[in-house]
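Chains as they are written, first to last, in my numbering: chain A, 1 to 325; chain B, 326 to 485; chain C, 486 to 610. The beta-carbon is built from N, C-alpha and C at its ideal position, and this holds for glycine as well. Working notes for the structure below.
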Amino acid sequence: MRDDKEGKPRSLTAVKPAKRSGSQRPQYLAGEELLSPPVDESYIEVLRELVAHLRQKRTELREEWARRIMQARLLKAMTEDEILAECSAVYDNYLGTLETGSLEALEAYARDLSERIIPRGVETHEVVGIVLLLRDVLARSLFGKYGQNEGILYRVLDAYEPAANRIANTVAVGFVQERERVIRQQQEAIRELSTPVLPVRERLLILPIIGIIDPQRARQLTEQVLRGIRVNRARVVVMDLTGVPSVDAAVANHLVQTVEASRLVGANVIVTGLSPELSQTLVTIGVDLGKMFTVGDLQGGIEEAEKLLGYKVVPINPKSDLSIG
Amino acid sequence: MSEKPPSLAFGSGGAGTNPGGKSGPPRDVRIEARITIKAVEDIVEARQKGRALAQELGFSMTQSTLVATAISELARNIVLYAKTGEIVLSRVSTEQHVGLIITAQDKGPGIANIQHALMSGYSSSGGLGLGLPGVRQMVDEFDIKSRPGDGTQVTALMWL
Amino acid sequence: MEIPILKQRDYLIASVQSVLTDEDLINLRDKLVQQVGRYRSDGVILDVTGMDVIDSFSVRTLRDLAHMIRLRGATTVIVGIQPEVAFSMIQLGLRLKDVPTAPDLEEGLAYLDRKKGKRTLPPHE
Numbered sequence: 001m002r003d004d005k006e007g008k009p010r011s012l013t014a015v016k017p018a019k020r021s022g023s024q025r026p027q028y029l030a031g032e033e034l035l036s037p038p039v040d041e042s043y044i045e046v047l048r049e050l051v052a053h054l055r056q057k058r059t060e061l062r063e064e065w066a067r068r069i070m071q072a073r074l075l076k077a078m079t080e081d082e083i084l085a086e087c088s089a090v091y092d093n094y095l096g097t098l099e100t101g102s103l104e105a106l107e108a109y110a111r112d113l114s115e116r117i118i119p120r121g122v123e124t125h126e127v128v129g130i131v132l133l134l135r136d137v138l139a140r141s142l143f144g145k146y147g148q149n150e151g152i153l154y155r156v157l158d159a160y161e162p163a164a165n166r167i168a169n170t171v172a173v174g175f176v177q178e179r180e181r182v183i184r185q186q187q188e189a190i191r192e193l194s195t196p197v198l199p200v201r202e203r204l205l206i207l208p209i210i211g212i213i214d215p216q217r218a219r220q221l222t223e224q225v226l227r228g229i230r231v232n233r234a235r236v237v238v239m240d241l242t243g244v245p246s247v248d249a250a251v252a253n254h255l256v257q258t259v260e261a262s263r264l265v266g267a268n269v270i271v272t273g274l275s276p277e278l279s280q281t282l283v284t285i286g287v288d289l290g291k292m293f294t295v296g297d298l299q300g301g302i303e304e305a306e307k308l309l310g311y312k313v314v315p316i317n318p319k320s321d322l323s324i325g
Numbered sequence: 326m327s328e329k330p331p332s333l334a335f336g337s338g339g340a341g342t343n344p345g346g347k348s349g350p351p352r353d354v355r356i357e358a359r360i361t362i363k364a365v366e367d368i369v370e371a372r373q374k375g376r377a378l379a380q381e382l383g384f385s386m387t388q389s390t391l392v393a394t395a396i397s398e399l400a401r402n403i404v405l406y407a408k409t410g411e412i413v414l415s416r417v418s419t420e421q422h423v424g425l426i427i428t429a430q431d432k433g434p435g436i437a438n439i440q441h442a443l444m445s446g447y448s449s450s451g452g453l454g455l456g457l458p459g460v461r462q463m464v465d466e467f468d469i470k471s472r473p474g475d476g477t478q479v480t481a482l483m484w485l
Numbered sequence: 486m487e488i489p490i491l492k493q494r495d496y497l498i499a500s501v502q503s504v505l506t507d508e509d510l511i512n513l514r515d516k517l518v519q520q521v522g523r524y525r526s527d528g529v530i531l532d533v534t535g536m537d538v539i540d541s542f543s544v545r546t547l548r549d550l551a552h553m554i555r556l557r558g559a560t561t562v563i564v565g566i567q568p569e570v571a572f573s574m575i576q577l578g579l580r581l582k583d584v585p586t587a588p589d590l591e592e593g594l595a596y597l598d599r600k601k602g603k604r605t606l607p608p609h610e
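Now the structure itself:
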């Protein structure tokens, strides 16, 4: 990376472009400076000129890009034809963004790209890689055209590099954000699927819990249990932890709170499927297992629950004598 | 649901925590209601307004009830110990999150030993306790300032 | 606000329909204790479905209520605590120790019957 701060003499000073006083050169810094559009008008003109050149060379540069992608073994999830098709779609868009430098267009482009390739199972390093490869392919083309005159070359690169880096940066960040959003959605869906509350027979709820519980899920669980108790008028809830490998102290605490809240609402809770490890965790954090009604496995738990429910009084006819107190 | 933003103006409890050094996204705080607390009837008004605000902000039924219950406890403390005071309900927002702040303040006798108040919970007989550890446990951010003779201010924040 | 107390066989039933002030709750407590004595009831069902918040004061009063009624030889069952309210109570660290609860009125009555040692029949299929 060139570093102006080192004070290296640059032949550009001999062919200084006409600048407004006080305007700054784009610096090669990460962060805000990299992301702000070129201030100097002459750079914008230069950009337009070289984008025109890159547009003219569109076909061969696209193919070069596709070739480099395959050489670097990126986008393994896609066929050669698919890669070329994607390159074609992306290329013009890239040039347009290069030219205008508009942040909205940039982000829209990044989002669009992400939405197209995330479903194909593309990894982050691949996305960053292909964008950087395109940057390089275009840079080399520019070298080829303007390389004869060092002064002009530096001017061209001064305009091109920040713009191209801005695109790479925005695409990478956009891709990561999009991925995170997708992952969150998936996690939410999994969470909902894996805490069903099953009314098995009247007054009995079974809650099979599967997988790792995080605090968020624990909270969701509690709400589901309590709501289930109320809606189903359950007197017994069997909470089965067979599918839970481990819990941390915070979540264990939350489970205990769920049991206690359920009791307040009028239901008994039977905890089943406590592995030795899980029991150990609970004891370590100070849970009095003696206070909790625990049974070995789900089947046993259901049997106990039925015993608890087994004897019912014949429903009382509410029309007995009433007197206002 | 996304993660909560980092704690900004509040500590995680402890006597008179006044953490310096702000970090995290900027917050916009707007006062939505002030309820004067003079008698037990005001407790009901304060918690109903709190519940209404919580629901308006989009909190679930469960969370709204948590808010109402916390307000009830804090307002009750005012009535019991300071005789008069105020509950202030505010809306807080960052670019990504929205939340509710409950401030209970009074010019009462103050708490002599805040550490102790924050440690003792309700006794097993459900006797008189300040309920502060319970409220602290319930909310995302909690702060308390109090000096004997100078009054008390409790601030509790819940993110949606 | 006056809360009506109904007498059903040997039990008293009181139902909280809306928001209670502290004073209302105390009055209810005292009235129930008095009525238990007067009618020699075996049990009391207090339906708190209408209580949207149960804080430390409520818990204290409800426990006092149950205790005082037990001193008169009767059992109190609290029914209808809303799930959100139960959750808040637990979060706040409030417990209704030694006071039985049931999901609703019918279950409350069934509990009292069982406690009395009433002859129970096997469930219908």
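- Contact of Ile213(A) with chain C by beta-carbon distance below 7 Å is absent, the smallest such distance being about 17 Å.
- Counted as a single uninterrupted DSSP element, the alpha helix (DSSP H) harbouring Asn402(B) occupies residues Met386 to Asn402.
- Contact annotation: the stretch 234-245 of chain A touches the stretch 290-300 of chain A, with at least three C-beta pairs closer than 8 Å.
- The alpha-carbon separation between Gln380(B) and Thr428(B) amounts to approximately 18 Å.
- Within the stretch 455-478 of chain B, the residues whose Cβ lies closer than 8 Å to some Cβ of chain C are Gly456, Pro458, Gly459, Val460, Gln462 and Met463, listed in chain order.
- Rounded to whole angstroms, Tyr91(A) and Val413(B) show a C-alpha spacing of 57 Å.
- Looking at the DSSP output, Ala499(C) shares a beta bridge with Ile490(C) and Leu531(C).
- For Pro585(C), there is no enclosing alpha helix (DSSP H), as DSSP gives it neither H nor E.
- The Cβ atoms of Glu420(B) and Leu577(C) lie no closer than 8 Å to each other.
- A straight-line Cα-Cα distance of about 11 Å links Asp583(C) and Leu547(C).
- Within chain B, no residue has its CB atom less than 9 Å from the CB of Thr586(C), the nearest being about 15 Å off.
- Here Met483(B) is buried: its Cβ has 16 or more other Cβ atoms, across all protein chains shown, within 10 Å.
- Interface with chain A (8 Å Cβ-Cβ cutoff): Phe572(C) is included.
- For Glu411(B), the pairing in a beta bridge is given by DSSP as Thr361(B) and Gln430(B).
- Using a C-beta cut-off of 8 Å, the stretch 458-472 of chain B makes no contact with the stretch 496-513 of chain C, since fewer than three inter-stretch Cβ pairs fall below that distance.
- In this structure, the alpha-carbon of Tyr496(C) lies about 10 Å from that of Gln520(C).
- Of all residues in the stretch 373-402 of chain B, those with a C-beta nearer than 7 Å to a C-beta of chain C are Met386, Thr387, Thr390, Leu391, Ala393, Thr394, Ser397, Glu398 and Arg401, reading in chain order.
- Within chain A, no C-beta atom comes less than 8 Å from the C-beta of Val504(C); the nearest is roughly 20 Å away.
- By the CB criterion at 8 Å, Val504(C) and Gly266(A) fall outside the cutoff.
- Only residues of its own chain outside the window of five on either side were considered, and among them Leu221, Thr222 and Val225 have a CB closer than 7 Å to the CB of Thr258(A), listed in chain order.
- Under the three-state reduction of DSSP output, Gly522(C) falls in the helix class.
- Taking 9 Å as the cut-off between beta carbons, the residues of the stretch 262-277 of chain A near chain C are Ser262, Arg263, Leu264, Val265, Gly266 and Ala267, in sequence order.
- The Cβ of Glu260(A) sits closer than 8 Å to at least one Cβ of chain C.
- By the Cβ rule, the stretch 112-125 of chain A does not count as touching the stretch 150-170 of chain A, because fewer than three pairs are nearer than 8 Å.
- Beta-bridge analysis with DSSP links Asp240(A) to Pro208(A) and Thr272(A).
- Around the beta carbon of His125(A), a 10 Å sphere encloses fewer than 16 other beta carbons of the protein chains shown; the residue is thus reported as exposed.
- A distance below 8 Å separates the beta carbons of Val156(A) and Tyr146(A).
- By the CB criterion at 8 Å, Arg227(A) and Pro568(C) fall inside the cutoff.
- Cβ proximity to chain C below 7 Å picks out Val365, Glu366 and Val369 from the stretch 355-369 of chain B.
- For the 8 Å CB-CB criterion, Val562(C) and Gly528(C) form a contact.
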